[in-house]
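Residue numbers (the UniProt record's numbering): 1 to 535.
Structure follows, in structure tokens:
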């Protein structure tokens with residue numbers, strides 16, 4: 001292990017904190033005073049979590065830098081449904097104790113605000129850490145990894161995978177799950193066809209059944225998750241990481257490249273903000289009163305999802321279903337017709353005309369935050385059929401986190417109690433954020449811009465008159481040692497070195513499971529065969 005990495009980490013984080021008073025980091029040191037794991041989040045990550053931390057994906061499959069430590073990422077969706085990073089960590093190992101420490105630090109960093117849901121793989125250590133550190137967070141399992149684990153346990157055949165997919169995505173009640181789970185066992189395991197239910201497969205299925213509430217739609221329909229169904233959101237970040245990070249990087253080079261990655265992602269979001277100020281989503285159905293209420297509020301990607309749902313709503317037939325009327329709400333049954341004219345894909349939409357409340361049995365709004373095709377069909381049918389009040393969408397169905405104004409609320413950091421300098425930095429951060437937001441939202445209006453431009457010198461004069469000892473433009477009091485990580489300041493006392501992993505797994509990509517390794521070998525074999533044929 002290269003000497004001095006502990007000091008480098010200390011200086012790097014100290015430098016980040018001096019430039020960003022909202023920067024948070026925590027170091028896990030073992031009994032030998034060696035650095036085991038590191039967690040950090042800058043002010044932008046914490047702000048993004050404040051606005052968009054309702055659902056996160058947690059992933060540790062990426063290995064990077066010479067120390068081969070797992071890079072753990074907390075990732076979510078912003079209002080454009082683009083990925084944003086809420087926090088990062090370099091872990092020594094992947095034990096339940098390490099995850100417990102990490103999740104607790106994440107909670108402290110985010111001022112005690114737990115996410116509504118977190119997506120992970122099936123690692124038992126992660127589940128144990130979540131139970132102790134984030135007990136109120138709904139733990140959901142990545143459906144992609146469940147499918148891959150099924151294949152790695154010998155469940156390759158298509159009928160089973162189709163049944164598993166049906167159990168994951170298409171059920172609405174727990175009774176339905178119990179029924180179709182039994183049908184799956186009956187239909188997919190036939191010794192005469194060579195599909196034997198071995199003890200290994202049976203054990204895996206039993207364990208999967210125990211955690212069914214974490215992956216089946218029968219339990220998840222009422223839980224908001226931004227439309228996320230797997231932790232593959234983290235894999236998107238891993239794809240970006242491959243452009244910036246390599247296994248040969250030193251720890252210092254890793255931090256530089258990781259910051260470059262963040263800047264690239266934030267520049268993309270800034271571009272989306274700019275486009276939003278100058279364009280509006282294309283409205284295909286110009287006569288739709290419903291879509292007109294969303295086109296100027298929802299960001300382009302989210303409105304695109306709604307418009308897609310609206311285009312599919314025309315296939316549905318609708319009729320009253322008085323047998324299901326409850327609590328002053330009227331029930332309407334919707335269905336499509338197959339080629340033989342038989343009703344399929346039946347849904348029930350409950351409508352309260354007084355409160356303008358609509359609830360669909362598919363629960364898309366509850367899960368994703370935008371209205372489904374069934375509700376949109378019901379609104380059009382009822383609105384133009386004698387209930388025009390239903391055409392005016394209630395504000396409860398315009399989810400703020402998907403709107404252009406998603407960041408309009410006040411974001412405040414926890415109070416800083418330690419030094420005068422840090423209080424000063426915190427105030428700078430707060431004012432800078434407020435002024436940047438004001439400038440972004442008003443710069444397109446000439447009159448407002450002129451008013452602000454004329455008013456700023458007046459504010460400056462008034463502020464200077466109240467603070468005669470402080471002149472604007474005064475240089476920072478931060479020392480060179482605080483800002484320069486190569487400073488000769490002595491090594492900190494809290495750590496001697498970076499702890500060496502006893503079983504390093506060095507790779508510039510995420511770890512691949514057995515299925516992916518086999519696929520890659522087959523691909524390479526085919527390429528070699530084609531090359532040989534070409535000769």
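Glycine included, every Cβ here is placed at the ideal spot set by N, Cα and C.
If you check the CB distance, residue 344 and residue 352 do not come in under 8 Å. Taking the CA atoms as reference points, residue 146 sits about 13 Å from residue 163. Exclusion of the five residues before and after residue 206 leaves no residue of its chain whose Cβ lies closer than 8 Å to its Cβ. An exposed status is given to residue 156, since fewer than 16 other beta-carbon atoms sit within 10 Å of its beta-carbon.
With 16 or more other Cβ atoms inside 10 Å of its own Cβ, residue 46 counts as buried. Collapsing the DSSP output to three states places residue 358 in a strand. Remark: C-beta atoms of residue 108 and residue 76 do not approach each other more closely than 8 Å. Taken in chain order, the complete alpha helix (DSSP H) segments of 4 or more residues contained in the stretch 278–332 are 289–292 and 300–313. Exclusion of the five residues before and after residue 98 leaves 28, 36, 37, 91, 92, 125 and 129 as the residues of its chain whose Cβ lies within less than 8 Å of its Cβ. Contact between residue 347 and residue 381 is ruled out by a C-beta separation of about 13 Å, above the 8 Å threshold. Only residues of its own chain outside the window of five on either side were considered, and among them 28 have a CB closer than 6 Å to the CB of residue 101, listed in chain order. Rounded to whole angstroms, the gap between the alpha carbons of residue 378 and residue 224 is 22 Å.
With contact defined as three or more Cβ pairs closer than 8 Å, the stretch 241–258 and the stretch 6–24 are in contact. Counting only residues of its own chain and dropping the five nearest sequence neighbours on each side, residue 368 has a CB closer than 6 Å to the CB of 227. Residue 59 is classed as buried because its beta carbon has at least 16 other beta carbons within 10 Å across all chains shown. Distance check between residue 141 and each of 133, 220 and 174 places 220 closest, using alpha-carbon atoms only. Taking every protein chain shown into account, the CB of residue 318 has 16 or more other CB atoms within 10 angstroms, so this residue is buried.
In the displayed model, residue 95 falls within coil according to three-state DSSP, outside both helix and strand. Counting C-beta pairs closer than 8 Å gives fewer than three between the stretch 323–331 and the stretch 296–311, which falls short of the contact rule.
Listed as beta-bridge partners of residue 57 by DSSP are 75 and 119. Looking at the DSSP output, residue 340 sits in no beta bridge, so it has no partner there. Put simply, the backbone Cα of residue 168 is about 35 Å away from that of residue 273.
Excluding five sequence positions before and after residue 222, the CB atoms of its chain that fall closer than 7 Å to its own CB belong to 363 and 366, given in chain order. Assigned with DSSP and collapsed to three states, residue 402 falls in helix. A Cβ-Cβ distance of about 6 Å is found for the pair residue 350 and residue 331, placing them in contact under the 8 Å criterion. Looking at the backbone, the Cα of residue 153 and that of residue 198 are separated by about 10 Å.
About 28 Å separates the beta carbons of residue 498 and residue 127, which is beyond the 8 Å limit, so they are not a contact pair. The beta carbon of residue 195 is closer than 6 Å to those of 189 in its chain, skipping five residues each way along the sequence. Under the 8 Å Cβ criterion, the stretch 131–140 does not count as touching the stretch 167–186, having fewer than three qualifying pairs.
In this chain, the beta strand (DSSP E) harbouring residue 138 covers 138–141. Contact annotation: residue 439 and residue 51 have beta-carbon atoms that are not nearer than 8 Å. The C-alpha of residue 10 is placed about 39 Å away from the C-alpha of residue 275. Taking the Cα positions, residue 95 is about 50 Å away from residue 327.
For residue 448, no beta strand (DSSP E) run applies; the uninterrupted alpha helix (DSSP H) run containing it begins and ends at 446–466, by DSSP. One alpha carbon belongs to residue 173, the other to residue 161, and they sit about 20 Å apart.
A direct Cα-to-Cα measurement between residue 260 and residue 150 gives close to 37 Å.
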